[in-house]
């Protein structure tokens with residue numbers, strides 16, 4: 016089986032219990048929950064039984080131990096998670112507002128996971144990898160861009176593949192060198208996983224068809240376009256296949272997109288047909304939405320089977 | 016009235032609701048509470064109506080706004096609290112263990128308040144100050160040591176005074192240059208506020224009397240020795256006066272020592288007789304122990320009066 020790796024942040028999330036605005040008074044909170052988009056992604060991959068690992072860093076504290084323990088017990092190779100002796104594990108405080116949007120207070124850039132370096136353990140993990148997943152939100156510094164580009168080159172040189180979820184806030188593209196870095200990564204990408212208008216954001220195109228043509232022209236072999244409640248569509252040069260989104264009670268959508276991506280990349284690497292891979296990825300995302308805590312909703316194959324059966328789909 | 020300044024960390028505290036060990040699973044928490052030893056100290060000073068200010072830094076986030084708003088409304092000059100554009104406000108997660116000890120996860124050194132610099136606003140505050148309080152726990156970097164030494168020299172040159180609470184963990188003395196820095200600060204100190212065996216820790220002495228003689232020999236004019244449940248003793252060359260500790264239901268002892276110090280320094284600067292100053296400082300500490308949240312228990316003069324009357328002491 017092909018080994019998937021990812022590079023990026025490991026955090027704990029602290030959630031406000033009550034909906035409202037911000038953190039200006041003492042509130043009832045719950046945490047720490049294991050978190051970080053790349054960590055959630057790779058945990059979902061591991062739960063499906065795929066070999067996988069993450070390059071990151073945590074502090075020498077319970078928040079770091081909590082994450083390592085969870086990832087390890089779910090089957091993630093944690094050998095390239097370094098322990099920072101002076102910086103704490105990253106944190107994200109999250110509060111849902113009345114309208115479903117979220118207030119965040121992050122400690123990432125200056126936390127342990129903001130300082131990931133090319134270690135011997137990371138090099139060893141890169142050398143064992145068949146697939147790199149790039150999380151756009153983790154491209155927060157020149158070091159992270161460089162690490163991802165290096166990993167992409169190593170993996171591709173060995174005949175491996177690269178998936179890329181831009182997971183972009185538009186303002187990130189204004190950062191020096193960010194657009195160029197995104198394009199360099201896109202040039203290495205086999206499987207592209209944009210959400211909504213991210214499909215056109217890194218192209219010259221203003222409509223879907225032109226964007227797809229431009230992306231295929233770059234050598235990308237497959238695009239999965241995530242469209243929220245409208246489902247997701249798989250495109251390659253032969254076909255376009257759409258899978259439904261499942262309607263579920265929304266407990267906590269944080270992490271659902273990362274679960275979708277982890278599940279899809281896993282099934283895609285296994286050669287699963289696109290319609291099935293999409294449906295199982297959608298189920299994984301829907302299962303994540305139904306659990307409180309960003310990494311609490313990752314699912315194994317049996318849980319996805321049961322969910323699909325429950326929703327009248329073949330498991 | 017004399018203006019008191021302090022330099023050091025501003026944090027929010029996040030408290031676990033249940034007693035136990037560490038932060039390895041999602042817990043019920045409450046926060047953010049305004050915190051940071053120097054911030055609590057200076058808030059207590061302000062509540063007594065003394066002019067005062069703090070040199071510190073917070074992030075551009077609700078945790079910073081919460082602290083600035085609290086300090087400002089209690090009367091602290093916040094003009095020298097800078098806003099860090101990239102680092103978050105410092106945090107402390109605290110959980111009480113069964114035996115009354117505490118588990119902490121700190122983000123201080125790499126947070127906004129770990130990066131305080133000599134700004135124009137800090138210089139202006141130094142120039143307006145009559146008294147500097149040095150918090151030993153804030154001497155976490157060469158920059159902080161340098162800032163405190165510089166402020167001490169400026170304040171003393173203008174005829175002002177310096178108080179020093181070593182607030183030391185012994186392992187801090189092993190840090191390069193820390194013992195020397197403590198001695199340099201002790202050389203500038205007028206009012207020394209050690210707890211327990213801190214009385215001898217920075218001297219050559221092995222008993223109280225020798226330590227006091229050595230400290231007075233350095234030019235220190237008064238020592239307040241804090242002895243927990245045994246109360247506190249004021250020593251100068253003329254007298255030794257002990258005040259009782261008050262027995263109160265312990266809700267949250269965090270910050271009580273900072274409140275004691277803030278109240279004592281204030282009354283001492285006003286020329287209050289040592290017995291009264293000690294008793295009022297003890298009352299302030301006891302009031303702090305009875306409130307949940309490190310800065311929630313600072314008291315104004317009327318609250319201290321009422322507490323003393325309730326405990327059969329003259330207010």
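Protein chains in written order, with our numbering: chain A, 16 to 330; chain R, 16 to 330. We put the CB at the ideal spot given by N, CA and C, even for glycine.
Any idea if residue 157 of chain R is buried or exposed, counting beta-carbon neighbours within 10 angstroms, 16 or more meaning buried? Position 142 of the second chain, counting from 1, holds the residue named residue 157 of chain R. Classification for residue 157 of chain R: exposed.
Length of the line joining the Cα atoms of residue 178 of chain A and residue 148 of chain A: Within the first chain, numbered from 1, the residue matching residue 178 of chain A stands at position 163. Within the first chain, numbered from 1, the residue matching residue 148 of chain A stands at position 133. Looking at the two C-alpha atoms, the distance is approximately 5 Å.
Using a Cβ-Cβ cut-off of 8 Å, state whether residue 216 of chain A counts as contacting chain R. Looking up residue 216 of chain A in the first chain gives position 201. Not an interface residue.
Residue 241 of chain A, buried or exposed, once every other Cβ within 10 Å from all chains shown has been counted against 16: Locating residue 241 of chain A in the first chain gives position 226, where the first residue counts as 1. Looking at its Cβ environment, which holds 16 or more other Cβ atoms inside 10 Å, residue 241 of chain A is buried.
Considering only the alpha carbon of each residue, which of R:202, R:255, R:271 lies closest to residue 229 of chain R? In the second chain, residue 229 of chain R corresponds to position 214, counting from 1. Among R:202, R:255, R:271, the Cα nearest to that of residue 229 of chain R belongs to R:202.
I'd like to know whether the C-beta of residue 86 of chain A is nearer than 8 Å to at least one C-beta of chain R. Counting from one through the first chain, the residue named residue 86 of chain A turns up at place 71. Judged by the 8 Å Cβ criterion, residue 86 of chain A is not in contact with chain R.
Using DSSP with H/G/I as helix, E/B as strand and the rest coil, what is residue 315 of chain A? Against the first chain, residue 315 of chain A aligns to sequence position 300. Residue 315 of chain A falls in the coil class under three-state DSSP.
Can you give me, in chain order, the residues of the region 111-127 of chain A that have a beta carbon less than 8 Å from any beta carbon in chain R? Correct list: 118, 120, 121, 122, 124, 125, 126.
With DSSP as the reference, please indicate the residues paired to residue 111 of chain R in a beta bridge. Within the second chain, the letter at position 96 stands for residue 111 of chain R. In the DSSP output, where bridge partners are listed per residue, residue 111 of chain R has R:117.
In chain order, what residues of the same chain lie with their CB nearer than 8 Å to the CB of residue 104 of chain R, ignoring the 5 residues before and after it? Taking the first residue of the second chain as position 1, residue 104 of chain R is located at position 89. So the qualifying residues of the chain are 25, 26, 27, 73, 74, 76, 78, 79, 82, 126, 127, 128.
Kindly list, in the order they appear in chain A, the residues whose Cβ is closer than 9 Å to that of residue 43 of chain R. Translated into the one-based positions of the second chain, residue 43 of chain R becomes position 28. The contacting residues are 32, 43, 44, 45.
Considering only C-alpha positions, which residue in the set A:142, A:115, A:206 is nearest to residue 95 of chain A? Here residue 95 of chain A refers to the residue found at position 80 of the first chain. The alpha carbon of residue 95 of chain A has as its nearest neighbour, out of A:142, A:115, A:206, the alpha carbon of A:142.
Give the straight-line distance between the Cα atoms of residue 244 of chain R and residue 302 of chain R, rounded to the nearest whole angstrom. Within the second chain, residue 244 of chain R is the residue found at index 229, counting from 1. Within the second chain, residue 302 of chain R is the residue found at index 287, counting from 1. C-alpha separation (whole angstroms): 14 Å.
Measure the Cβ-Cβ separation of residue 249 of chain A and residue 289 of chain A and say whether it is below 8 Å. Residue 249 of chain A sits at position 234 when you count from the first residue of the first chain. Residue 289 of chain A sits at position 274 when you count from the first residue of the first chain. Yes; because the gap between Cβ atoms is below 8 Å, this pair is in contact.
Within 8 Å, strictly: CB atoms of residue 8 of chain R and residue 181 of chain R: Nothing can be reported for residue 8 of chain R: it is not among the residues displayed for chain R, which extend from 16 to 330.
Thinking C-alpha only, which one of R:282, R:109, R:153, R:292 is nearest residue 38 of chain R? Start at 1 with the first residue of the second chain, and residue 38 of chain R comes out as number 23. It is R:109 whose Cα lies nearest to the Cα of residue 38 of chain R.
Any idea if residue 135 of chain A is buried or exposed, counting beta-carbon neighbours within 10 angstroms, 16 or more meaning buried? Locating residue 135 of chain A in the first chain gives position 120, where the first residue counts as 1. Per the 10 Å Cβ criterion, exposed.
At least one CB of chain A closer than 8 Å to the CB of residue 37 of chain R: is that the case? On the second chain, position 22 is the one that residue 37 of chain R refers to. Closer than 8 Å: yes.
Between which two residues does the alpha helix (DSSP H) containing residue 40 of chain R stretch? By 1-based counting over the second chain, the position of residue 40 of chain R is 25. Residue 40 of chain R -> no alpha helix (DSSP H), and no H or E assigned at all.
Relative to the C-alpha of residue 167 of chain R, which residue among R:190, R:138, R:200, R:150 is closest? Within the second chain, the letter at position 152 stands for residue 167 of chain R. Put simply, of R:190, R:138, R:200, R:150 the residue whose alpha carbon is nearest the alpha carbon of residue 167 of chain R is R:200.
Three or more C-beta pairs under 8 Å: does that hold for the region 261-280 of chain R against the region 309-325 of chain A? With a cut-off of 8 Å, the region 309-325 of chain A and the region 261-280 of chain R do not count as touching, because too few Cβ pairs lie within range.
Helix, strand or coil: which one does DSSP assign to residue 78 of chain A? Within the first chain, the letter at position 63 stands for residue 78 of chain A. In this structure, residue 78 of chain A counts as helix in the three-state DSSP scheme.
I'd like to check one pair, residue 62 of chain R with residue 313 of chain R: are the Cβ atoms closer than 8 Å? Reading the second chain from its first residue, position 298 is the one you call residue 313 of chain R. Reading the second chain from its first residue, position 47 is the one you call residue 62 of chain R. It is a contact, given that the beta carbons lie within the stated cut-off.
Take residue 311 of chain A and list the residues in its own chain whose beta-carbon comes closer than 7 Å to its own, dropping the five residues that flank it on each side. Translated into positions along the first chain, residue 311 of chain A becomes position 296. Its chain contains 48 as the residues whose beta carbon lies nearer than 7 Å to that of residue 311 of chain A, once the 5 sequence neighbours on both sides are disregarded; these appear in chain order.
Tell me residue 105 of chain R's beta-bridge partners as DSSP assigns them. As a working note, residue 105 of chain R is residue 90 in the second chain. For residue 105 of chain R, which the question treats as bridged, DSSP gives the partners R:26.
So, residue 56 of chain A versus residue 300 of chain A, is the Cβ gap smaller than 8 Å? As a working mapping, residue 56 of chain A is identified with position 41 in the first chain. As a working mapping, residue 300 of chain A is identified with position 285 in the first chain. Taking 8 Å as the Cβ cut-off, residue 56 of chain A and residue 300 of chain A do not qualify as a contacting pair.
Could you work out which residue in R:298, R:291, R:258, R:252 is closest to residue 271 of chain R when comparing CA atoms only? Along the second chain, one-based indexing puts residue 271 of chain R at 256. For residue 271 of chain R, the nearest C-alpha among the options comes from R:298.
Residue 150 of chain A and residue 53 of chain A: beta carbons closer than 8 Å? Mapped onto the first chain, residue 150 of chain A falls at position 135. Mapped onto the first chain, residue 53 of chain A falls at position 38. For the 8 Å CB-CB criterion, residue 150 of chain A and residue 53 of chain A form a contact.
Under a three-way DSSP split, which group does residue 180 of chain A fall into? Residue mapping note: residue 180 of chain A aligns to position 165 of the first chain, counting from 1. Correct three-state label for residue 180 of chain A: strand.
Opening and closing residue of the beta strand (DSSP E) in which residue 266 of chain R lies: If you number the second chain from 1, residue 266 of chain R lands on position 251. Note, residue 266 of chain R: premise wrong, no beta strand (DSSP E); not H, not E.
Excluding the 5 residues preceding and the 5 following residue 227 of chain A in the sequence, name in chain order all residues of the same chain whose CB lies nearer than 7 Å to its CB. Here the question's residue 227 of chain A lines up with position 212 in the first chain. The answer, listed in chain order, is 238, 250.
Proximal chain A residues relative to residue 103 of chain R, where beta-carbon distance stays under 8 Å: As a working mapping, residue 103 of chain R is identified with position 88 in the second chain. Correct list: 120, 121, 122, 125.
C-alpha distance - residue 274 of chain A paired with residue 86 of chain A, whole-angstrom precision: Start at 1 with the first residue of the first chain, and residue 274 of chain A comes out as number 259. Start at 1 with the first residue of the first chain, and residue 86 of chain A comes out as number 71. Rounded to whole angstroms, residue 274 of chain A to residue 86 of chain A spans 14 Å at the Cα level.
Cβ-based burial, residue 20 of chain R [other Cβ within 10 Å; buried from 16]: Translated into the one-based positions of the second chain, residue 20 of chain R becomes position 5. Answer is buried; the Cβ neighbour count reaches 16.
Is the beta carbon of residue 159 of chain R less than 8 Å from the beta carbon of residue 22 of chain R? As a working note, residue 159 of chain R is residue 144 in the second chain. As a working note, residue 22 of chain R is residue 7 in the second chain. In contact: residue 159 of chain R and residue 22 of chain R (Cβ atoms closer than 8 Å).
Run down chain R in chain order and give the residues with a C-beta less than 7 Å from the C-beta of residue 76 of chain A. To locate residue 76 of chain A, count along the first chain from 1; it is residue 61. Simply 120.
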